[in-house]
Amino acid sequence: MDFSWTEEQEIWRKTVREFAQKKIKPRVREIDSNKKIPEDIVEEMAQLGLLAPTVPKQYGGSDVDWIMACIAAEELGRADISLAIPVLYLVEAAWGYIFSRYGTEKAKKEYLPQVTSGKAFVGIAVTEPQGGSDIVGAAKTKAVKKEGRWILNGEKIFISGVAESKKWGGIHLTLARTDPNSGHRGFSFFAVPLKNNPNIETTLFDDMGRMGISTGGFVMKNTVLHEHHLVGELNKGFYYAMEGFSAARVLIGATCIGAAEAALEMGMEHIKTRYAFGQPIGCFEGIQFPLAEHYTNIEGIKLLTYRAAWMMDKMYRENRFTHHDVALAAAMSKLRAPMYAFDVMNEIADWLGALGYTKEHSIEMGIRGVRSYSIGAEGTMNIMRIIIARELLGKEFLPYKNIIIR
Ligand SMILES: Cc1cc2nc3c(=O)[nH]c(=O)nc-3n(C[C@H](O)[C@H](O)[C@H](O)COP(=O)(O)OP(=O)(O)OC[C@H]3O[C@@H](n4cnc5c(N)ncnc54)[C@H](O)[C@@H]3O)c2cc1C
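Residue 40 is where the sequence shown starts when you use the working numbering, and the numbers rise one by one after that.
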């Protein structure tokens with residue numbers, strides 16, 4: 040066992056940190072207020088290889104492994120605690136990778152170089168108005184093949200990057216039923232372009248946080264797709280979605296750790312210089328003890344998260360560990376990191392006193408941003424608990440299986 044970073048990992052962290060601290064951090068309030076990631080930042084991210092970096096080089100990616108992908112996620116979270124830029128980064132890193140694994144050659148050549156150069160977006164569209172947790176029970180979107188084309192009908196909701204995809208171009212990997220009688224084995228994945236698509240109507244939500252990236256929905260009414268927009272094998276879409284969720288959850292863990300570390304650093308600066316009762320408030324045990332707890336917990340969750348990334352690298356590159364092993368590790372990271380980042384930020388807001396309740400300080404952007412990941416983006420906390428318990432007890436104990444065990 041070796042807990043040290045390689046030279047390559049250290050150089051990558053330094054490169055991303057320098058860029059993010061210099062170019063992103065000073066503009067987070069602007070991004071939050073304008074509800075938009077500035078184009079020059081997207082361009083520089085593309086130049087640095089920060090857009091879908093997990094994608095193979097032949098499609099414009101950097102073919103980075105998951106530890107490297109997590110390092111960048113952590114550094115972007117440290118710089119942008121509102122999490123808008125980390126969302127752009129991690130959604131594309133996770134789902135761009137899934138597309139690069141399972142998409143047709145024609146579709147990958149059409150979209151991935153555009154994504155990695157910042158001219159298109161790749162996202163995920165699973166959730167529907169009837170619910171996101173029980174997707175098998177709730178999903179109504181259907182795809183039917185007619186004369187060599189796929190016809191999609193249905194609605195996706197609470198989808199990240201709808202405005203970006205509509206403006207820039209790109210695709211959302213969209214889950215649709217292709218066999219209504221086969222439960223989770225009856226779904227397929229489709230690459231659905233939202234831009235200039237006359238048979239798609241989009242909507243946008245006014246979110247609580249991570250304002251720089253949009254959340255919206257889209258309705259497909261007889262949306263026609265070429266055959267090469269089917270991603271992977273027919274009726275395997277549910278499995279590809281679960282694989283992508285694991286990847287996204289590990290990156291979420293890393294980015295929430297980065298945001299929590301940044302918050303703790305801001306808090307430490309404040310408690311060393313803010314005086315009350317004749318001494319810096321950092322001298323009081325009521326302040327120091329939570330600091331020690333938070334630091335220890337962040338370090339623990341960081342280990343959990345990087346171990347999950349390491350397992351993914353072993354799975355993809357050395358054929359060790361299964362998707363179930365990775366799903367368990369990813370769920371543990373996603374269960375802890377967002378909620379914990381939220382707790383840390385709440386504590387720091389207390390330390391800041393009234394300042395923490397104003398927009399003079401960035402902590403409120405962090406609180407609004409990380410909440411998206413504990414509420415549900417890429418799976419709710421209870422769904423993480425269900426995955427963990429499923430891996431411990433076996434799938435016959437899944438709470439929604441309705442099987443009576445004697
Ligand atoms: C900011 C944001 C961005 C998002 N981006 C995307 C995206 O890009 N693509 C996409 O497809 N989706 C996206 N989502 C949707 C997200 O995946 C869903 O919100 C999530 O899956 C939960 O679905 P739901 O909101 O319908 O809640 P529901 O599924 O209705 O769940 C409501 C509550 O019930 C609980 N619950 C449900 N079943 C059980 C159970 N068996 N046991 C215990 N508790 C249970 C849940 O944990 C939750 O607390 C996004 C969400 C947010 C907030």
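C-beta atoms are modelled at their ideal positions from N, C-alpha and C, and glycine is treated no differently. Quick caveat: nothing in here was measured; it's all calculated off a predicted structure.
- Less than 8 angstroms divides the Cβ of L303 from the Cβ of I387.
- With a cut-off of 8 angstroms on Cβ pairs, the stretch 137–156 is in contact with the stretch 88–98, counting three or more such pairs.
- When rounded, the separation of the alpha-carbon atoms in A202 and G208 is 10 angstroms.
- A distance below 8 angstroms between beta-carbons, with the five flanking residues on each side excluded, links Y136 to the following residues of its chain, in chain order: A91, T93, V94, G283, A286.
- Of the candidates T217, K205, Y396, the residue whose Cα lies closest to the Cα of K179 is T217.
- Inclusion of G292 and T344 in the CB contact set at 8 angstroms is warranted, their separation being smaller than that value.
- If you draw a straight line from the Cα of F42 to the Cα of R52, it comes to about 16 angstroms.
- Distances between the C-beta of I163 and the heavy atoms of ligand 1 include at least one below 7 angstroms.
- If you draw a straight line from the Cα of M378 to the Cα of Y412, it comes to about 8 angstroms.
- Cβ-Cβ distances below 6 angstroms link K353 to R359, F360 in the same chain, with the five nearest sequence neighbours on each side left out; the list follows chain order.
- In the three-state reduction of the DSSP assignment, V94 falls in the coil class.
- One thing to note: G251 has its Cβ within 8 angstroms of the Cβ of I76.
- A298 has its alpha-carbon roughly 5 angstroms from the corresponding atom of I120.
- Residue state for V165 is assigned as coil, using DSSP reduced to three classes.
- With distances taken between CA atoms, G171 lies nearest to A416 out of A416, Y439, K434, D246.
- Taking the Cβ of T335 as the reference point, every heavy atom of ligand 1 lies at 7 angstroms or farther away.
- In the DSSP assignment, S411 falls within the alpha helix (DSSP H) that extends over 402–414.
- Between V55 and A111, the C-beta spacing is below 8 angstroms.
- Judged by beta-carbon spacing, V161 lies beyond the 8 angstroms limit of W189, meaning their Cβ atoms are not closer than that value.
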